[in-house]
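S.K.: Please see the structure below; I have some questions.
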Amino acid sequence: MHKIGTSERPDWQLAVVVGVGGMGMAAARRLSQRHRVLLADVDGARADQAAETLRIEGGDAMAIACDITDSAAVQKLSAAVDALGGFRVLAHVAGLSPSMGDFRAIMRVNLLGAVAVADGLRPRAGTGAAAILISSLAGHNFRPPESVEALLRDPADRDLADKLATALGETQATPQFAYALSKYGLMAYCRRQAGAWGERGARIVSLSPGMIATPMGAREFEKIPAKMKLYARTPLKREGTMLEIADAIEFLASDRASFISGTDLLVDGGLAAALMND
Ligand SMILES: NC(=O)c1ccc[n+]([C@@H]2O[C@H](COP(=O)([O-])OP(=O)(O)OC[C@H]3O[C@@H](n4cnc5c(N)ncnc54)[C@H](O)[C@@H]3O)[C@@H](O)[C@H]2O)c1
Numbered sequence: 002m003h004k005i006g007t008s009e010r011p012d013w014q015l016a017v018v019v020g021v022g023g024m025g026m027a028a029a030r031r032l033s034q035r036h037r038v039l040l041a042d043v044d045g046a047r048a049d050q051a052a053e054t055l056r057i058e059g060g061d062a063m064a065i066a067c068d069i070t071d072s073a074a075v076q077k078l079s080a081a082v083d084a085l086g087g088f089r090v091l092a093h094v095a096g097l098s099p100s101m102g103d104f105r106a107i108m109r110v111n112l113l114g115a116v117a118v119a120d121g122l123r124p125r126a127g128t129g130a131a132a133i134l135i136s137s138l139a140g141h142n143f144r145p146p147e148s149v150e151a152l153l154r155d156p157a158d159r160d161l162a163d164k165l166a167t168a169l170g171e172t173q174a175t176p177q178f179a180y181a182l183s184k185y186g187l188m189a190y191c192r193r194q195a196g197a198w199g200e201r202g203a204r205i206v207s208l209s210p211g212m213i214a215t216p217m218g219a220r221e222f223e224k225i226p227a228k229m230k231l232y233a234r235t236p237l238k239r240e241g242t243m244l245e246i247a248d249a250i251e252f253l254a255s256d257r258a259s260f261i262s263g264t265d266l267l268v269d270g271g272l273a274a275a276l277m278n279d
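If you're matching positions, the sequence shown starts at 2 in the numbering used here and goes up one per residue.
Quick look at the structure:
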């Protein structure tokens with residue numbers, strides 16, 4: 002029932018966006034044109050503010066504070082989605098860049114947290130639903146040692162970050178390595194999960210952005226000057242924009258992508274291809 006004076010759209014299906022930083026907010030804004038949106042972030046004030054912004058723009062947006070590394074918080078998120086009638090789209094965008102944490106923190110957010118969200122929400126996926134998990138170009142052109150690869154096959158193991166650090170040795174267990182490894186592991190997880198999501202008539206895909214102009218991207222340029230070399234190799238000779246990532250998320254979430262599951266979409270201006278030719 003429509004409530005006079007509000008933008009509420011109870012007739013629309015739900016899109017859940019986890020991580021409403023630069024890219025997450027661009028995706029949420031786009032998804033809010035056709036869905037009710039539930040915005041989740043470890044920074045509850047940021048999620049509230051983002052939902053308020055979308056409501057002012059005419060969207061039907063709600064917010065929830067959720068630290069994806071905390072299983073009780075992920076359960077709360079899943080219960081909230083259940084109470085809202087399940088979901089049609091999950092855009093999992095939350096992540097830490099290499100300059101934002103140590104090896105374990107990055108693994109816990111980028112891989113274990115993402116897996117906890119996808120596993121926790123899968124039972125709430127309606128027929129035709131799509132989960133889009135944001136990986137990274139960093140997970141491409143990368144292959145971990147076999148012993149590490151074997152450990153990645155159980156990304157729901159709560160002790161995985163410690164086990165990986167031990168297997169690699171503390172000198173190799175750097176934030177940079179964690180970033181590539183976590184995103185590589187996330188792509189492998191999406192491939193393995195296609196069957197489980199398919200049983201529900203739903204899809205799961207990863208999306209790998211290249212260098213995108215977001216506050217996180219800018220911070221990495223500042224902290225890791227070597228990134229300029231990568232930038233120079235990008236065939237399109239520029240960073241991507243958040244709108245270009247929102248375009249890809251919108252497509253993957255839509256029925257036009259109805260036969261796309263268990264795979265990764267690179268949105269990198271051709272950089273992975275250029276690096277492959279090295
Ligand atoms: N910006 C780039 O160039 C680039 C390139 C490739 C991949 N990516 C990936 O894209 C995603 C989004 O990047 P962005 O540039 O928008 O980053 P951002 O820092 O602007 O946004 C990330 C959001 O995730 C949230 N978050 C962090 N830890 C969390 C936790 N434990 N629980 C819940 N939320 C948490 C943060 O509060 C923030 O709002 C990340 O996964 C990143 O790894 C970014």
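Beta carbons are placed, not taken as given, at the ideal position from N, Cα and C, and that holds for glycine.
#1: By alpha-carbon positions, which one of L15, G59, P226 and I69 ends up nearest to G45?
#2: To the nearest angstrom, how far is it from the Cα of R193 to the Cα of F252?
#3: For the region 74-87 against the region 45-55, are there 3 or more C-beta pairs whose distance is under 8 Å?
#4: Short of 7 Å in beta carbon distance, which residues of its chain neighbour F143, apart from the five on each side in sequence? Order them along the chain.
#5: Residues bridged to I1 by DSSP?
#6: Have a look at R239, I261 and V17 and flag the residue whose alpha-carbon is nearest the alpha-carbon of L85.
#7: Throw me the rounded Cβ distance for the L97 and A115 pair, which I believe falls under 8 Å.
#8: Smallest Cα separation from A189: which of S72, L55, L112 and D160?
#9: Once the 5 residues before and after S72 are set aside, which same chain residues still bring their CB inside 7 Å of it?
#10: For the candidate residues T7, M24, F260 and F104, whose alpha-carbon lies nearest to that of G241?
#11: With the cut-off set at 9 Å, would you say R31 and A247 are in Cβ contact?
#12: Is it the case that the region 8-17 contacts the region 227-236, given that we only count it when at least three CB pairs across the two stretches are under 8 Å?
#13: Determine which residues share a DSSP beta bridge with V43 and list them.
#14: Go through its chain and collect everything with a Cβ distance to S207's Cβ below 7 Å, but skip five positions before and after it.
#15: Contact check, R89 vs G129 under 8 Å by CB: the rounded distance?
#16: Looking at ligand 1, does it come within less than 8 Å of L267, judged from the CB to the closest heavy atom?
#17: Between the C-alpha atoms of R56 and V75, what's the straight-line distance to the nearest angstrom?
#18: Rounded to whole angstroms, how far is the Cβ of L138 from the Cβ of L267, which I believe are closer than 8 Å?
#19: Return yes when the C-beta of I135 is under 8 Å from any heavy atom of ligand 1, and no when it is not.
#20: When the Cα atoms are used, what is the spatial distance from I250 to P176?
#21: Quick one: what's V18 bridged to in DSSP?
#22: Inspect the beta-carbon positions of A132 and R123 and report whether they are closer than 9 Å.
M.R.: Here's the rundown:
#1: I69
#2: When rounded, the distance between both Cα atoms is 22 Å.
#3: Taking 8 Å as the limit for Cβ pairs, the verdict is that the region 45-55 does not touch the region 74-87.
#4: A181 and Y185
#5: Lying before the first or after the last residue shown, residue 1 is absent from the chain, which here runs from 2 to 279.
#6: V17
#7: Their Cβ separation, rounded to whole angstroms, is 11 Å, which puts L97 and A115 out of contact at 8 Å.
#8: L112
#9: A117
#10: M24
#11: yes
#12: no
#13: Answer is none; V43 lacks a bridge partner.
#14: Here the set comprises L134, S136, L187, M188, C191 and D265.
#15: 7 Å
#16: no
#17: 24 Å
#18: 7 Å
#19: yes
#20: 27 Å
#21: L40 and A92
#22: yes
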